[in-house]
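The listed protein sequences derive, respectively, from chains U and W. Counting in the working numbering, the first sequence runs from -3 upward without gaps. Counting in the working numbering, the second sequence runs from -19 upward without gaps. Before any comments, here is the structure.
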Amino acid sequence: MRKFLCLCLCLTACLFLLSPIGPAQAADQIKFGLMGPITGDWASEGQGMQRVVELLAEEINAAGGINGAQVVIEVADDGGAPRTAAMAARKLLTSSVVAVVGTYGSSVTEATQDIYDEGGVIQIATGSTKISLTGKGLTKFFRTCPRDDEQGRVLANNVKGLGFTKVALVHDNTSYSKGLADETREILKNIGVSEVYYDSIVPNDRDYTVSLTKIKAANPDVIVFTGYYPEAGLLLRQKRELGFDVPIIGGDATNNSSIVEIAGKEAADGYLFVSPPALPDMKSESAAKLMATYRQKYDSLPSSVWAVLAGDAFLVLVEAAKAVGPDPAKMSDWLKTGLKGFEGLSGSIAFDENGDRVGEVYRLYKISPEGEFVLQ
Amino acid sequence: MYDLNFFLQQLSNGLTRGSIYALIALGYTMVYGVMKLINFAHGELFTLGAFFGYTLLVSLGLAGSLGPPMAIGISMIMVLGLVALAGHLLERVAYRPLRHSDRLAAVVSALGASIFLQNAIMLKWGAQYRAYGADLLPNVVFRIGDFNLPLVRLLVFAAAIVVMAFLHAFIHRTRLGLAIRASAIDQGAAKLMGIDVRKVIALVFVIGPALGGLAGLLVGLYYGQINYNMGQIYGLKAFTAAIIGGIGNITGAMVGGLLLGLLEALGEGYVSVAWKDALTFVVLIMILVFRPTGLLPERVAEKL
């Protein structure tokens, strides 16, 4: 009798040990992770990402899912901070997703790359433009956004093209911002535009009048700011307050409508930035459709292009899962070799062997007196 | 490049920043003076002031319906009242029950209150940046040669100075002020003299938060942008200012705040922005090495 009980016990123990191994998902479900800054400094980006991806998932599920399997989105909040992101990544891995969309900030993505790679999961970053994220031999890392060297090139060429000769470069010491500033600095030097000021500001300090006074003393004819929209808005506002009349040209992290709210229309007027095209300027059919459903549900448009690039990341993942099944290794091979001429929201999408997106996407934008972002 | 005009401009940049630090520092120093407790939740009360102001001026549209000057006046008074109330509740809930327990318990309770308030603010108003609207205050700039002095900046500075002058007079000229000073020197003796120390503590927890809340509103009006965790940085800076000035000393908090603002502005202006905080804190350490109790130390006879 005791032997029998022992046997029973052993068998139950074995069952418990065996059952959770392997993906715990039902056969008619495919789980994708979405990691974004749902809270924190970049919350409006993260919430936009979530809305876009969830809308697209609803649409795909309504149309029958991926070969009959329903798409499930697991959302994890990285808080825009590397430490929180590492926890978010582990959370997604334990809920056995096949691939993860996200995230926005480069330093945040950087903190999670190895975690996903070790977990054998695909990661497609959507706003992380820092150059060194790719090319470190991670086979399952991709991004739908362009890289900073391309952005730096477009930024520098526009500075020269608009006829500026004395540049003040300002970054905010984050890995994205400093990377882009250094890249732009290098190219500006090569194309013969002189630099009269180079320094950082501290994000969240709110008071940048000291830096602006210093920049004013250096007498540039343009300020290149490579940081994010909350600081860009304050710089514009305080620049006007100090009566310092010089244009600012910024990078893609300032492509967010809050910038006008923070700076006020008058101060934001004439602000220039380079960025992938905004949703209304995207010519694809799917973009027009997303715009309509988004507007219907949220009565607004996604506040930036990065949310749309998260949508693109999700769409290529769905495409890959349709083609080769929900297997991360096969999917990542297919994304590099099989994905050709796929029409995403932001145009045609393909990846090179490093996982970088192929093709030029940057455009120059200017803020109009009405506070609209106008494609130049 | 670094001429007199540059110096003056940086001076005015630093004083504006410093007057906000000073207003917040007053809350830290008053509470410390009477209770020997660092109110870690003070930074969040400051944030609360900024968000109450946002609700009044922007969400409820007071600025649109009453016109900016009237709306700002009313919201200043309401923010003072509301944050004072919040401070009073905080004292009731988080500190009063612990008055006779270990000092450490009160510190932990203060930290807990800080985390609670910060998250509550995030849940109520959201995690994104909120903008006060740029047309709230007119962009009038006085120009003296190349030197620019915006009207908004004068208003912020004036508001801070007026409030601090009132507080100074209140502490030194009224009977209630006398009671606060007496409780700060020796609570036991003050009780024997017939002072209701519990009421004094409650009073300190009304005045300090109200000033912090006002600073929050001023930050919203001046910089135009607020978010739920802004209290952390401002709180830390103001706490530093209170220490520089000699914690427990009201004049010290004002001096410390202005000095910290100036140090930051000059460090940023003449050395490097990236090194600003490092420089500021080196100066702080130097001050503490040579004057461990701060610039205007809390000598018993002159306390508060």
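All residues carry an ideal CB built from backbone N, CA and C; glycine is no exception.
Rounded to a whole number of angstroms, what is the C-alpha to C-alpha distance between residue i and residue j?
{"i": "U:Gly32", "j": "U:Phe240", "result": "36 Å"}
{"i": "U:Leu134", "j": "U:Thr90", "result": "20 Å"}
{"i": "U:Gln109", "j": "U:Glu50", "result": "23 Å"}
{"i": "U:Val104", "j": "U:Glu227", "result": "19 Å"}
{"i": "W:His68", "j": "W:Gly237", "result": "24 Å"}
{"i": "U:Phe338", "j": "W:Ile206", "result": "42 Å"}
{"i": "U:Leu275", "j": "U:Tyr290", "result": "11 Å"}
{"i": "W:Val184", "j": "W:Val14", "result": "8 Å"}
{"i": "U:Leu311", "j": "U:Leu52", "result": "8 Å"}
{"i": "W:Val177", "j": "U:Ile197", "result": "46 Å"}
{"i": "U:Val242", "j": "W:Phe127", "result": "17 Å"}
{"i": "W:Thr220", "j": "U:Phe160", "result": "42 Å"}
{"i": "W:Gly(-2)", "j": "W:Ala218", "result": "9 Å"}
{"i": "U:Ile26", "j": "W:Asp82", "result": "54 Å"}
{"i": "U:Lys318", "j": "U:Leu371", "result": "35 Å"}
{"i": "U:Pro273", "j": "U:Asp201", "result": "30 Å"}
{"i": "U:Leu305", "j": "U:Lys332", "result": "18 Å"}
{"i": "U:Ile62", "j": "U:Thr140", "result": "21 Å"}
{"i": "U:Tyr358", "j": "U:Val150", "result": "7 Å"}
{"i": "U:Ala214", "j": "W:Glu248", "result": "14 Å"}
{"i": "U:Ile69", "j": "W:Ala258", "result": "44 Å"}
{"i": "W:Ala170", "j": "W:Thr9", "result": "19 Å"}
{"i": "U:Trp38", "j": "W:Thr154", "result": "48 Å"}
{"i": "W:Ile101", "j": "W:Ala90", "result": "16 Å"}
Assign residue i to one of two classes, buried (16 or more other C-beta atoms within 10 Å of its C-beta) or exposed (fewer than that).
{"i": "U:Asp203", "result": "buried"}
{"i": "W:Ser94", "result": "buried"}
{"i": "W:Thr260", "result": "buried"}
{"i": "W:Arg161", "result": "buried"}
{"i": "U:Tyr294", "result": "exposed"}
{"i": "U:Ala20", "result": "Its pLDDT being 44, under 50, U:Ala20 is placed unreliably by the model, and the measurement read from it follows with that caveat. Exposed, because fewer than 16 other Cβ atoms sit within 10 Å of the Cβ of U:Ala20."}
{"i": "W:Ile224", "result": "buried"}
{"i": "W:His80", "result": "exposed"}
{"i": "W:Gly47", "result": "exposed"}
{"i": "U:Ala177", "result": "buried"}
{"i": "W:Phe270", "result": "exposed"}
{"i": "U:Val67", "result": "buried"}
{"i": "W:Arg72", "result": "exposed"}
{"i": "U:Glu315", "result": "buried"}
{"i": "U:Leu88", "result": "buried"}
{"i": "W:Pro272", "result": "exposed"}
{"i": "U:Gly355", "result": "exposed"}
{"i": "W:Ala66", "result": "buried"}
{"i": "W:Arg110", "result": "buried"}
Only counting the same chain, and skipping five residues up and downstream in sequence, which positions put a Cβ closer than 8 Å to that of residue i?
{"i": "U:Ile127", "result": "Arg143, Asp144, Asp145, Gly175, Glu179"}
{"i": "W:Glu267", "result": "A small correction: the amino acid at residue 267 of chain W is Ile; Glu does not occupy that position in the sequence shown. If we look at W:Ile267 and ignore the five residues flanking it on each side, its Cβ neighbours are Ile224, Gly274, Leu275."}
{"i": "W:Leu216", "result": "Gly23"}
{"i": "W:Thr(-4)", "result": "Arg133, Val136, Phe137, Tyr202, Gly241"}
{"i": "W:Ala147", "result": "Position check: residue 147 of chain W holds Leu in this sequence, whereas Ala was assumed. Hits under 8 Å: Leu6, Ile187, Leu191, Ile230."}
{"i": "U:Ser280", "result": "Glu339, Gly340, Leu341, Ser342, Gly343"}
Compute the beta-carbon to beta-carbon distance between residue i and residue j, rounded to the nearest angstrom, for a pair I have assumed lies under 8 Å.
{"i": "W:Gly200", "j": "W:Tyr34", "result": "6 Å"}
{"i": "W:Leu289", "j": "W:Ala30", "result": "Nothing can be reported for residue 289 of chain W, as the shown portion of chain W is limited to -19 through 284."}
{"i": "U:Thr250", "j": "U:Tyr224", "result": "7 Å"}
{"i": "W:Gly125", "j": "W:Asn(-15)", "result": "7 Å"}
{"i": "U:Leu30", "j": "U:Val94", "result": "13 Å between Cβ atoms; not a contact."}
{"i": "W:Leu246", "j": "W:Gln(-11)", "result": "Not a contact, Cβ separation roughly 11 Å."}
Do the CB positions of residue i and residue j come within less than 8 Å of each other?
{"i": "W:Gly285", "j": "W:Tyr75", "result": "As displayed, chain W neither begins before -19 nor continues past 284, which places residue 285 of chain W out of reach and without an answer."}
{"i": "U:Val220", "j": "U:Leu158", "result": "no"}
{"i": "U:Leu341", "j": "U:Asp308", "result": "yes"}
{"i": "U:Gly76", "j": "U:Gly36", "result": "yes"}
{"i": "W:Ile230", "j": "W:Leu6", "result": "yes"}
{"i": "U:Ser299", "j": "U:Ser102", "result": "no"}
{"i": "U:Ile120", "j": "U:Arg86", "result": "no"}
{"i": "W:Gly4", "j": "W:Tyr214", "result": "As written in the sequence, residue 4 of chain W is Ile, which differs from the Gly given in the question. Result yes, Cβ atoms of W:Ile4 and W:Tyr214 sit closer than 8 Å."}
{"i": "U:Tyr100", "j": "U:Thr122", "result": "yes"}
Within its chain, find whatever has a CB closer than 7 Å to the CB of residue i; leave out the 5 residues flanking it on each side and keep chain order.
{"i": "W:Val63", "result": "Leu25, Leu28, Gly29, Phe32, Pro189, Ala190, Gly192, Gly193"}
{"i": "W:Met173", "result": "Ala162"}
{"i": "U:Lys326", "result": "Val320"}
{"i": "W:Gln167", "result": "Val177"}
Could you pull out every residue in the same chain whose Cβ sits closer than 6 Å to the Cβ of residue i, ignoring the five residues on either side in sequence?
{"i": "U:Gly229", "result": "Ile255, Ile258, Ala259"}
{"i": "U:Ala81", "result": "Asp74, Val104, Ala107, Thr108"}
{"i": "U:Ala263", "result": "Leu232, Arg233, Arg236"}
{"i": "U:Gly246", "result": "Phe221, Ala228, Phe269"}
{"i": "W:Trp105", "result": "Phe31"}
{"i": "U:Ile17", "result": "Confidence at U:Ile17 is low in this model, with a pLDDT of 43, below 50, so its placement is unreliable and the value that follows should be read with caution. Cβ neighbours of U:Ile17 beyond the five flanking positions: none."}
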